[in-house]
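A quick write-up on the structure given underneath.
Numbering (our numbering), first residue to last: 1 to 546.
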């Protein structure tokens with residue numbers, strides 16, 4: 001195995017580089033020899049040797065190929081998995097004019113051991129951890145103590161972060177408050193299988209790895225802000241730390257106050273970094289940019305470039321994400337009325353204060369000027385089909401002209417060519433406020449929320465606060481955080497599912513005027529996925545979830 005790993009690792013070295021460095025040909029190199037070479041390597045040499053492996057880590061955040069049996073299934077990709085989680089909740093309605101037949105929208109057999117899609121979440125998590133461990137077989141803490149190379153620190157930081165994210169992803173889906181994951185910190189196909197660690201031990205490991213990644217990124221000069229090349233950031237490291245800490249606070253045997261402090265500190269590192277700022281109203285609210293006339297019909301134009309949710313250049317709070325050239329748009333396509341079918345539930349819409357400009361991204365009524373939307377096709381801006389705009393539609397991610405594009409046929413308009421922010425500054429205010437509320441510091445939690453609410457107050461209105469936000473009257477501080485999380489993060493990922501599981505809030509669509517199945521409920525007990533049978537059958541030490 002060592003020889004195989006070495007061959008893969010050093011295959012990128014050219015013959016000229018081999019001669020220059022006076023190293024043994026790749027077939028003869030083992031891990032120890034690579035490490036010996038790296039002990040005295042400068043940054044350029046480190047890049048030559050490790051670039052292929054290290055550069056393969058960030059793309060795992062936007063990976064695919066997770067459903068080994070049915071590659072055409074939605075759960076086969078990172079954004080597909082998030083989209084499926086989004087539709088199993090209270091706040092997103094799937095389907096414009098007819099109900100979605102997805103098992104996830106209807107809540108049918110989505111977590112059982114025999115579910116056809118269940119293993120895909122497992123594969124995503126452990127594809128990441130395995131790839132990270134391969135890098136860490138070579139770049140270790142001992143190595144960076146002997147060589148002060150900045151590139152070694154950056155690459156080791158990447159590996160720590162991807163390992164941490166993978167285990168956090170697994171813990172969110174397959175972990176309980178008692179049980180965590182089987183922990184492996186090296187890649188070795190012959191190593192003994194491990195039993196499941198406790199939830200607290202797993203989350204402690206995640207926090208440690210992500211914290212170490214943050215430290216190494218700081219040493220390497222890596223910042224907090226997302227960029228078009230989809231690089232890993234300190235925004236992501238601290239997001240992992242804060243989320244893991246809030247989960248750890250609920251774990252069996254935890255001293256909750258310790259983890260609330262960790263979550264607050266991680267959030268503050270981002271909030272106080274000086275690198276990010278909350279979007280203003282013009283950046284946050286997507287607006288129609290004009291019209292164009294095709295075949296006598298006046299058609300609306302929604303440009304991706306005008307929205308902070310679709311364009312990093314308009315989003316000062318993007319802490320990690322993907323540029324359109326590197327996996328951008330993602331799940332935003334699900335809520336784009338040009339092609340998407342996700343709408344807001346009326347019960348959440350009604351809770352958004354009329355002075356809150358976030359409400360302007362949602363629309364109770366069908367638009368008077370374009371009740372029918374047309375899609376760009378091969379011949380014109382409107383010959384690719386059409387659909388009727390439903391009620392409670394969302395313009396938060398609306399675009400029919402992508403970044404760097406113009407009105408025209410499909411490959412000129414490039415609908416969906418957009419950036420995607422997976423992590424935003426606003427969420428750190430929410431994570432911090434949650435930690436404060438759960439620790440009993442209600443006043444501090446409300447102060448933190450007030451900063452966010454002030455930034456979301458529509459122009460010309462008195463500043464919104466926790467005390468005057470219409471739908472928050474009578475709520476305690478934690479309930480305020482929960483409501484604001486639903487409003488702020490709508491349509492951006494699996495936040496509602498993950499939070500509902502963590503907060504113990506079931507899916508209950510009773511009273512909805514928009515959901516196709518208002519009688520549908522889904523209990524918290526079924527939000528934990530069963531460990532896939534493939535793991536149970538190959539690891540006799542693994543314990544199945546209740």
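Just so it is clear, CB atoms sit at the ideal spot from N, CA and C, and this is done for glycine as well.
On the CB-based measure, 16 or more other CB atoms within 10 Å of its CB, does residue 98 come out buried or exposed? exposed
So for residue 24, helix, strand or coil by DSSP? Because residue 24 carries a pLDDT of 44, less than 50, the predicted location of this residue cannot be relied on, and the following value inherits that uncertainty. DSSP places residue 24 in coil when its eight states are reduced to three.
If contacts are defined as beta-carbon pairs under 8 Å, then residue 91 and residue 345 qualify, I think. What distance do you get, rounded to the angstrom? 5 Å
How big is the Cα-Cα spacing for residue 471 and residue 355? Rounded to whole angstroms, residue 471 to residue 355 spans 12 Å at the Cα level.
In the DSSP output, what is residue 297 paired with across the bridge? 294
Can you give the beta carbon distance from residue 347 to residue 511, rounded, assuming they're within the 8 Å contact cut? Confirmed, Cβ separation roughly 6 Å.
Does the distance from the CB of residue 322 to the CB of residue 62 come in under 8 Å? yes
Pairs of beta-carbons, one from the stretch 283-303 and one from the stretch 255-266, closer than 8 Å: are there three or more? no
Taking the beta carbon of residue 314 as the centre, do at least 16 other beta carbons fall within 10 Å, making it buried, or is it exposed? With at least 16 other beta carbons inside 10 angstroms of its own, residue 314 counts as buried.
As an exercise, report each continuous alpha helix (DSSP H) stretch of at least 4 residues that is fully enclosed by the stretch 485-536, in chain order. 495-503
Check whether the Cβ atoms of residue 523 and residue 506 sit closer than 8 Å, and answer yes or no. Going by C-beta atoms, residue 523 is nearer than 8 Å to residue 506.
Counterpart residues of residue 363 in DSSP-defined beta bridges: Bridge partners of residue 363: 393.
Could you pull the start and end residues of the alpha helix (DSSP H) that residue 120 belongs to? For residue 120, the enclosing alpha helix (DSSP H) starts and ends at 118-136.
Classify residue 364 as buried or exposed, calling it buried when 16 or more other Cβ atoms lie within 10 Å of its own Cβ. exposed
Exposure of residue 255, with buried meaning 16 or more beta-carbon neighbours within 10 Å: Label assigned to residue 255: exposed.
Exposed or buried, which one is residue 445 when buried takes at least 16 other CB atoms within 10 Å? buried
When burial is assigned at 16 or more other CB atoms within 10 Å of the CB, is residue 307 buried or exposed? buried
What's the gap between the Cα of residue 428 and the Cα of residue 82? 20 Å
With DSSP collapsed to three states, give me the class of residue 70. coil
What is the DSSP secondary structure of residue 331, reduced to helix, strand or coil? helix
For the alpha helix (DSSP H) containing residue 207, name the first residue and the last one. 199-219
Tell me the rounded alpha-carbon separation between residue 133 and residue 31. Roughly 13 Å separates the two Cα atoms.
Roughly how many angstroms lie between the CA atoms of residue 125 and residue 368, to the nearest whole one? 45 Å
Short check: CB of residue 121 to CB of residue 529, under 8 Å? Judged by beta-carbon spacing, residue 529 lies within the 8 Å limit of residue 121, meaning their Cβ atoms are closer than that value.
At the level of alpha carbons, what is the spacing between residue 58 and residue 156? C-alpha separation (whole angstroms): 12 Å.
Check whether the Cβ atoms of residue 276 and residue 317 sit closer than 8 Å, and answer yes or no. yes
Pick out the complete beta strand (DSSP E) segments inside the stretch 255-288, 3 residues or longer, and give them in chain order. Within the stretch 255-288, no complete beta strand (DSSP E) run reaches 3 residues.
Flag this pair as yes or no: are the beta carbons of residue 403 and residue 424 separated by less than 8 Å? no
Are the Cβ atoms of residue 105 and residue 77 separated by less than 8 Å? no
With H, G and I counted as helix, E and B as strand and the rest as coil, what does DSSP make of residue 34? helix
Using beta-carbon positions only, say whether residue 547 and residue 152 come within less than 8 Å of one another. Shown here, the chain extends from 1 to 546; a query on residue 547 therefore has no answer.
So residue 95 and residue 393 are supposed to be a Cβ contact under 8 Å. How far apart are they, rounded? Not quite, the Cβ-Cβ distance comes to about 12 Å (not below 8 Å), so this is no contact.
Applying the 10 Å Cβ sphere with the 16-neighbour rule, what's the burial state of residue 70? exposed
Considering only the alpha carbon of each residue, which of 527, 395 and 336 lies closest to residue 118? 527
Report yes if the C-beta distance between residue 386 and residue 372 is below 8 Å; otherwise report no. yes
Using 8 Å as the threshold, is the stretch 205-212 in touch with the stretch 234-245, meaning 3 or more CB pairs across them? yes
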